[in-house]
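Have a look at the structure below, then the notes.
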Amino acid sequence: MENAQKKFVIKTYGCQMNVNESGKIAELLTREGFERTNDDKSADIIVFNTCCVRDTAEKKIEAHIGNTKILKKQNKGLVVAVIGCMTQKNGAAESLKKKFPHIDIILGTHNIDKLVSYIKEGRRPKTFIEILAERKGSDEILTTTIDQDGQTAYINITYGCENFCSYCIVPFVRGKLISRPFADIEREFDEILRAGVAKRIVFLGQNVNAYEGSGYDFPKLLRYFNDKEGEFSLNFLSSHPKDFGDELISAIKDCEKVEKNIHLPLQSGCDKILKLMNRRYTVSEYETKINALRVACPEVHITTDIICGFPTETEVDFAETLETMRRIKFNAAFVFPYSRRSGTVADKLDGQLPLKVKRERATKLIKLLQDLSKA
Ligand code: SAH
Ligand code: SF4
Ligand code: F3S
């Protein structure tokens, strides 16, 4: 395919991990002479970087992929690629191919480094599928990108997750936990500083606290990069409360460049539900950590995630979550109605709740949060 003046669109769904990877793909395509656009109609390439964490995300993405069928009738050369978490799910790539035979390329989460060269091969006579079982370590895209806000750079420090929270599909689609070599992280970090564009650098991983490389655990890593010269701030996403320890709290306190802005997903404010979620902490253990963090950094801003309507959650259990939220007083919370994910432990539990109940509880919780923030 002739690259000159060819235009591409990347549609990104899901978390910061995907946003970061889309940025890298865009960077590589631009280096190859492709031009980025937001206009589907003038695009020669449309990439869907997908998420499957909840069914609402998947439904939306499928509708958007469906729309490109018409675009292909108008532009015979249009290449449609689908990558990311949704394609990595067991059997998902084949079923996407069946539903949308106009897709040219389907790649999973472990080989997006191949995407650009496959795109350059152009349109396919039939859907090309390549899903790898695991990340080989070398298959990362070695380029650095700055977020579209022009301020923030993201650096992956871990890939994958092995926590297996019982509701969550991520360990199945993102694979085993891998800590990136410390030297690679530092090289990327220094490049960002040298370019002098980013004012914030955010370390990324499904559970950054699990980082382990070249003698560095996560608190040590934070301290190390805090000592680099320059005007920038540091942050990280996401932390798992079970691994959020005293060492990390002291590092956050001591490091003047680390933003006092922490996202620590609680998921439920009821011990019975937390246990069924396999989160491996109690509400009181979580609160002890939050209190310690607030003592260490009084100005800290704390946000969280909550899932409503997990299987077997009774009105009494849910009331406990509401009470916990009143007590902890988060600065903000993201609320999600529980979504069944096939293959997970929670999906097989008895006591699945109707969508109506899950949505009502989410609405109630959002209302409480609004009232709390007004007060
Ligand atoms: N690794 C990160 C977040 C992963 S997904 C972490 O552990 O913090 C982002 C959020 O989506 C989760 O915190 C959780 O609140 C929500 N989520 C994950 N699976 C879900 C499901 N099956 N239904 C509803 N929400 C879910
Ligand atoms: Fe999912 Fe839990 Fe891993 Fe987060 S820590 S990605 S919620 S399994
Ligand atoms: Fe979604 Fe994958 Fe992130 S499932 S939330 S894009 S890791």
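Residue 96 in this note's numbering sits at position 95 of the sequence shown, and the numbers go up by one each step.
Every residue, glycine too, gets a C-beta built ideally from N, C-alpha and C.
It should be emphasised that the depicted structure is a prediction, and the values quoted were computed from it without experimental measurement.
Cβ-based neighbour list, residue i, same chain, cut-off 7 Å, excluding 5 preceding and 5 following
| i | result |
| --- | --- |
| Ile250 | Ala293, Leu294 and Ala297 |
| Met87 | Thr51, Cys52, Cys53, Glu59, Ile62 and Ala93 |
| Leu133 | Gly109, His111 and Asn112 |
| Ala199 | Ile147, Gln152, Thr153, Ala154, Ile193 and Phe233 |
N- and C-terminal bounds of the alpha helix (DSSP H) containing residue i
| i | result |
| --- | --- |
| Gly67 | Asp56 to Gln75 |
| Val48 | Counting along the chain, Val48 falls outside any alpha helix (DSSP H), though it belongs to the beta strand (DSSP E) covering Ile46 to Thr51. |
| Thr289 | Val284 to Ala297 |
| Glu324 | Glu316 to Ile329 |
| Val117 | Leu116 to Lys121 |
Cut-off 8 Å between Cβ atoms - residues of its own chain near residue i, not counting five sequence neighbours on either side
| i | result |
| --- | --- |
| Phe190 | Ile156, Ile202, Phe226 and Lys229 |
| Gln17 | Tyr155, Val203, Leu205 and Leu238 |
| Glu27 | Contrary to the premise, residue 27 reads as Ala rather than Glu in this sequence. Excluding positions up to five away in sequence, the list reads Phe9, Ile11, Arg37 and Thr146. |
| Pro242 | Leu265, Pro266, Leu267, Arg280, Tyr282, Glu286, Tyr287 and Lys290 |
| Val259 | Leu223, Asn227, Ser234, Leu235, Asn236, Ala252 and Ile253 |
| Glu22 | Asn50, Gly85, Ile113 and Ile142 |
| Cys256 | Leu223, Arg224, Asn227 and Leu235 |
| Asp218 | Tyr212 and Glu248 |
Inter-residue spacing [alpha-carbon to alpha-carbon] between residue i and residue j
| i | j | result |
| --- | --- | --- |
| Lys90 | Pro299 | 42 Å |
| Cys309 | Phe204 | 28 Å |
| Thr289 | Leu143 | 39 Å |
| Arg362 | Pro338 | 8 Å |
| Thr110 | Ala334 | 28 Å |
| Glu192 | Phe173 | 32 Å |
| Lys77 | Gln152 | 38 Å |
| Val48 | Glu95 | 18 Å |
| Gly24 | Ile367 | 32 Å |
| Gly39 | Leu30 | The question names Gly, but residue 39 is Asn in the sequence shown. If you take the alpha carbons of Asn39 and Leu30, they lie about 15 Å apart. |
| Arg328 | Gly197 | 42 Å |
| Arg188 | Arg195 | 10 Å |
Where the beta strand (DSSP E) through residue i begins and ends
| i | result |
| --- | --- |
| Ser234 | Ser234 to Leu238 |
| Pro338 | Ala333 to Pro338 |
| Gly85 | Val80 to Gly85 |
| Asp306 | His302 to Cys309 |
| Val203 | Arg201 to Leu205 |
Same chain only: Cβ atoms within 6 Å of residue i, ignoring 5 sequence neighbours per side
| i | result |
| --- | --- |
| Leu275 | Ser269 |
| Ile104 | Val81, Val83 and Thr128 |
| Pro220 | Glu248, Leu249 and Ala252 |
| Ser43 | Lys8 |
| Glu321 | Gly270 and Cys271 |
Proximity below 8 Å, CB of residue i to CB of residue j
| i | j | result |
| --- | --- | --- |
| Ser240 | Asn208 | yes |
| Val54 | Ile170 | yes |
| Lys177 | Glu135 | yes |
| Leu97 | Leu108 | no |
| Phe165 | Asn210 | no |
| Phe35 | Lys7 | yes |
| Thr304 | Asn332 | yes |
| Arg342 | Tyr168 | yes |
| Leu277 | Leu323 | no |
Chain B within 8 Å of residue i, Cβ atoms only
| i | result |
| --- | --- |
| Glu95 | In the displayed structure, chain B is absent; only one protein chain is listed. |
When the Cβ atoms of the segment 48-68 are set against those of the segment 345-361, are three or more pairs found closer than 8 Å?
no
Check whether the segment 55-63 touches the segment 311-320, counting contact only when three or more Cβ pairs, one atom from each stretch, lie closer than 8 Å.
no
With three or more beta-carbon pairs closer than 8 Å as the criterion, would you say the segment 203-222 touches the segment 176-186?
yes
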